[in-house]
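The structure appears right after this line, and notes come after that.
Numbering (this note's numbering), first residue to last: 472 to 539.
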């Protein structure tokens with residue numbers, strides 16, 4: 472069984488489903504869960520896919536960011 476790393480992120484509350492949809496397009500890249508109602512989410516991902524995941528997140532950061 473693969474060990475999953477955990478990353479907490481804050482995104483715009485209304486972008487949860489958008490991010491989930493994007494991640495579903497990349498089989499086995501990450502599991503997205505809601506952590507609280509303030510836009511904090513949890514990503515669980517295999518260590519070997521860290522680079523791919525963070526490159527993807529960087530490319531969509533403007534779209535999913537909390538917009539402080």
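By construction, the Cβ of each residue, glycine as well, lies at the ideal position given by its N, Cα and C atoms.
Quantities reported herein were computed from a predicted structural model and do not represent experimental measurements.
{"Check": "Around the C-beta of residue 512, are 16 or more other C-beta atoms found within 10 angstroms, so that it is buried, or is it exposed?", "Outcome": "buried"}
{"Check": "Suppose only complete runs of 3+ residues qualify. What are the beta strand (DSSP E) ranges in the region 474-517, listed by chain order?", "Outcome": "475-481, 502-505 and 511-517"}
{"Check": "Residue 510 and residue 493: beta carbons closer than 8 Å?", "Outcome": "no"}
{"Check": "Can you look up residue 519 in the DSSP assignment and give me helix, strand or coil?", "Outcome": "helix"}
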